[in-house]
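When we follow the numbering used here, the leftmost residue of the sequence shown carries the number 45, and every step to the right adds one. C-beta atoms are modelled at their ideal positions from N, C-alpha and C, and glycine is treated no differently. Here the structure is a predicted model, which is why all the values come from computation and not from measurement. A short worksheet on the structure shown next.
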Amino acid sequence: MPFSLSSNSVLRDPRGIALLLAATLTTMANATISPALAGLEMRFADHPQVELLTRMLVPAPSISVVLCAPFIGVLADKLGRRALLLSGVILFVLSGLAGVVLPDLNSIFASRLVMGVAVALIMTAQTALIGDYFEGDQRQQLMGLQISARNFGGFVAIFVAGLLAAFSPQYAFLLYGLAAFFLPLMWRVIRDPQRFVETQKTASNQNLQAGKAGWQLILFGMIFLQMLTSMMFFVMPTQLPFFLQSLGLDAALATGNALGALTIAGGIAALLYARLHKQIGAAGILGLGYVFMSAGFLILALATSFWPVLAGAILVGWGLATVMPNFVSIALKVTPAQHRGRAGGFLTMSVFLGQVVSPFASMAIIGQIGFSGLYGLLAISLAVFAAIAAARALIVRSAKLAPAQ
45 MPFSLSSNSV LRDPRGIALL LAATLTTMAN ATISPALAGL EMRFADHPQV
95 ELLTRMLVPA PSISVVLCAP FIGVLADKLG RRALLLSGVI LFVLSGLAGV
145 VLPDLNSIFA SRLVMGVAVA LIMTAQTALI GDYFEGDQRQ QLMGLQISAR
195 NFGGFVAIFV AGLLAAFSPQ YAFLLYGLAA FFLPLMWRVI RDPQRFVETQ
245 KTASNQNLQA GKAGWQLILF GMIFLQMLTS MMFFVMPTQL PFFLQSLGLD
295 AALATGNALG ALTIAGGIAA LLYARLHKQI GAAGILGLGY VFMSAGFLIL
345 ALATSFWPVL AGAILVGWGL ATVMPNFVSI ALKVTPAQHR GRAGGFLTMS
395 VFLGQVVSPF ASMAIIGQIG FSGLYGLLAI SLAVFAAIAA ARALIVRSAK
445 LAPAQ
C-alpha cells in the first residue's frame, strides 16, 4: 500500500513526520473555531458589529495569508526555511491561545489576523522543505500524506473544539496550544539543506539555477489552477448549509454530516495519491480528480433530499484530495531549488485567495441561477478541465510508447 512503512517510506524519516505535523496546523487555523461561533456571538452580544465579526473569525487568517505569503516566500529563499517554520509555529501557538484570554471581539479578531501570518510562514516553509528533502516516489507519498493529515487532523480538531466550546466558547482556542508539543521535534530535525546554503553563497551553479525549461509558465499554471480549484470547492463549506436549508432539511445537522463525510473521503483518497501518480501520471490524476468533482457537483445540482447531497459531497471531497497534491508536486518538480520559497509562497496564497473569492462569486451566481444552476455550472466547468487533462495524459502516454512501436 502507498502508506505502508516500506523501507523508503517518508514515515521512517523524522523530517517527514515533522512536516506532516506542520500540515495539520494549517487546517486547524480556520475551521477549528467554527463550533464556538454561536457562543462567541452570545458572549459579545453588546458589540455593535457582533454578527459580522463573529462570522469573519473563520476566514480572517485567509486574508493575512493572501497578503503575506508571496513576501514570506522571498524571505524563505533568502533567509532559509527552518527559521520561518519555527517562527510560524511559535506565532501560531501564541496567537491561537490568545483567544482564550482576550477580553473583547476586536482583539480576538486581531489575533486571528496574526494567526494568518503564522499560517503563511508555516505553509510556505513546509512546501519548500518538501521539495528540498524529498524527491521522486517519496515526494509523491508525502504530498498525499499531508493532504490526508490535514483532512483527518481537521476532522478531529473540529470535534474536540466542539467539546471544549460546550464549556466555554473561548476554550475552543485551547486546541491551538497543541502545536507547542510539535516544536521539539521540529527544532531537532528541521535543518536548511546544505545545498540551499551553498546556493546562497554561489549563485552561479547552473544545475540549480536553470530548473526545467519554461518553469515559470508551468508554475504560474499550477498557481492559477489551484486557485480556481480551491474557489470551486469552497462553495461546499460556504453555500452547502443554505442549500440544505432550501431543501427543508436541518441545516446544522445535515451540513455537519455531509462535510464530515467529505473530509473523511478526502483523507482516504489522498492516501492513494502516490500509487495513482505512478500508474497514470500527473495529467491522469488531474483528469480523474476532476471527473469525481464534476460528478459530485452534478449530483448536487439534481439533489432534492439529503442522501444525494451526501453522495455528491463524498465525490467532491474525493476528487479534491486527488488533485490537490498534484499542484505542489508539479510546481516543486519544475522550480529551481533557490526559488522554491517563492513558489511555496504563491502556491499558499492561491489556495486562500480562492477561498476568499469563492463566497462573493458563488453568491452572485446563486442570485442569478440558484443553487442547482451553480452546481450544474461547476459540474460542466470541471468536466471540461477533466477532458483537457485526459487529453494531455493520452498525449504523454503516446509519446512514451512511440519509440517502442
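With C-beta atoms as the reference, is Ile-234 less than 8 Å away from Arg-59?
-> Taking 8 Å as the cut-off, the Cβ atoms of Ile-234 and Arg-59 count as close.
Counting along the chain, where does the alpha helix (DSSP H) carrying Tyr-317 start and finish?
-> In this chain, the alpha helix (DSSP H) harbouring Tyr-317 covers 317-346.
Segments assigned alpha helix (DSSP H), at least 4 residues, entirely inside the region 267-312 | Counting whole runs of 4 or more residues, the region 267-312 contains the alpha helix (DSSP H) stretches 279-290.
Start and end of the alpha helix (DSSP H) containing Asp-183?
-> Strictly speaking, residue 183 in this sequence is Arg, with Asp absent from that position. Residue range 180-211 is occupied by the alpha helix (DSSP H) that includes Arg-183.
Pairwise C-alpha distance: Ile-413 and Gly-132 | Approximately 42 Å, taken between the alpha carbons.
Under the three-state DSSP convention, the category Ala-234 falls into = For clarity, residue 234 is Ile in the given sequence; the question names Ala instead. Ile-234 falls in the coil class under three-state DSSP.
Inter-residue Cα distance where the pair is Ser-139 and Leu-55 | Rounded to whole angstroms, Ser-139 to Leu-55 spans 30 Å at the Cα level.
Cα-Cα, which of Leu-288, Pro-281, Gly-325 is closest to Gly-451?
-> Nothing can be reported for residue 451, as the shown portion of the chain is limited to 45 through 449.
Where does Ile-8 sit, in a helix, a strand or coil, going by DSSP?
-> In this structure the chain extends from 45 to 449, so residue 8 is not present and cannot be described.
So is Ser-48 buried or exposed if we call it buried at 16+ other beta carbons inside 10 Å?
-> Per-residue confidence for Ser-48 stands at a pLDDT of 47, beneath the threshold of 50, marking its modelled position as unreliable; no derived number is given.
Whose C-beta lies closer than 6 Å to the C-beta of Leu-309 among residues of the same chain, with five residues either side of it excluded?
-> Looking at the sequence shown, residue 309 is not Leu but Ala. Taking C-beta separations shorter than 6 Å and ignoring five residues to either side along the sequence, the partners of Ala-309 in its chain run Ile-358, Gly-361, Trp-362, following chain order.
Given 8 Å as the limit, is there contact between the region 196-204 and the region 413-433, that is, 3 or more CB pairs closer than that?
-> By the Cβ test, the region 196-204 is not in contact with the region 413-433, since fewer than three Cβ pairs between them sit closer than 8 Å.
Unbroken alpha helix (DSSP H) run spanning Ala-89, endpoints = No alpha helix (DSSP H) holds Ala-89; DSSP gives it neither H nor E.
Consult DSSP for Leu-141 and reduce its assignment to one of helix, strand or coil.
-> Of the three classes helix, strand and coil, the one that applies to Leu-141 here is helix, per DSSP.
Going by alpha carbons, who is nearest to Arg-384 out of Ala-169, Pro-103, Pro-92?
-> If we check each option's Cα against that of Arg-384, Ala-169 comes out closest.
Beta strand (DSSP E) segments (min. 3 residues) lying fully within the region 105-151 = Here no run is fully enclosed.
Check each candidate in Met-167, Thr-68, Ala-387 and name the one with the smallest Cα separation from Phe-225.
-> Closest in alpha carbon position to Phe-225, among Met-167, Thr-68, Ala-387, is Thr-68.
Out of curiosity, what's the CA-to-CA distance linking Ile-409 and Leu-418?
-> Those two C-alpha atoms are separated by around 6 Å.
Please say whether Leu-391 and Met-337 have beta carbons closer to each other than 8 Å?
-> Not in contact: Met-337 and Leu-391 (Cβ atoms no closer than 8 Å).
Where do the ends of the alpha helix (DSSP H) carrying Gly-356 lie?
-> Here the alpha helix (DSSP H) through Gly-356 covers 350-378.
Would a C-beta distance cut-off of 8 Å place Ala-164 and Val-118 closer than the cut-off?
-> Annotated as distal: Ala-164 and Val-118, with beta-carbon spacing of 8 Å or more.
Go ahead and pull the three-state DSSP assignment for Gln-214.
-> Three-state result, Gln-214: helix.
Between Thr-98 and Leu-81, is the Cβ-Cβ spacing less than 8 Å?
-> Cβ atoms of Thr-98 and Leu-81: closer than 8 Å.
Where does Ser-349 land, buried or exposed, given buried means 16+ other C-beta within 10 angstroms?
-> Flag for Ser-349 reads exposed.
Tell me whether the beta-carbon of Asp-181 lies closer than 8 Å to the beta-carbon of Ala-318.
-> By the CB criterion at 8 Å, Asp-181 and Ala-318 fall inside the cutoff.
CA-CA distance, Ile-77 and Arg-441?
-> So the alpha carbons of these two residues sit roughly 46 Å apart.
Kindly list the residues whose CB is nearer than 6 Å to the CB of Asp-57, restricted to its own chain and excluding five residues on each side of it in sequence; keep chain order.
-> Leaving aside the five residues that flank Asp-57 on each side, none in its chain has a CB nearer than 6 Å to its CB.
Considering only the beta carbon of each residue, do Phe-217 and Leu-141 sit closer than 8 Å?
-> The answer is yes: Cβ separation under 8 Å.
Collapsed DSSP secondary structure at Asp-57 in the structure displayed | For Asp-57, the secondary structure class from DSSP, reduced to helix, strand or coil, is coil.
Check whether the region 332-346 touches the region 391-400, taking contact to mean three or more Cβ pairs, one atom from each stretch, closer than 8 Å.
-> These segments do not touch.
Look at the alpha carbon of Pro-46 and the alpha carbon of Ala-89, and state the distance between them as a whole number of angstroms.
-> Residue placement at Pro-46 is poorly supported in this model, since its pLDDT is 45, which falls under 50; the coordinates are not used for a value here.
Pull up the CB-CB distance for Leu-373 and Met-230, whole angstroms please, since I reckon it's below 8 Å.
-> The residue asked about is misnamed: residue 373 is Ser in this sequence, not Leu. For Ser-373 against Met-230, the beta-carbon gap comes to about 23 Å, at or over 8 Å, which does not count as contact.
Cutoff 7 Å; reference Leu-64; Cβ partners in own chain excluding five residues on either side | For Leu-64, where only same-chain residues beyond five positions count, the Cβ hits under 7 Å are Leu-189, Gln-190, Ala-193.
For Gly-160 and Gln-238, the rounded distance between their alpha carbons | If you take the alpha carbons of Gln-238 and Gly-160, they lie about 30 Å apart.
Quick one: residues in its chain with C-beta nearer than 8 Å to the C-beta of Leu-101, no 5 flanking neighbours on either side, listed in chain order?
-> Result list for Leu-101: Ile-77, Leu-81, Leu-84, Ile-152, Phe-153, Arg-156, in chain order.
What is the rounded straight-line gap between the Cα of Leu-438 and the Cα of Ala-365?
-> So the two alpha carbons sit approximately 22 Å from each other.
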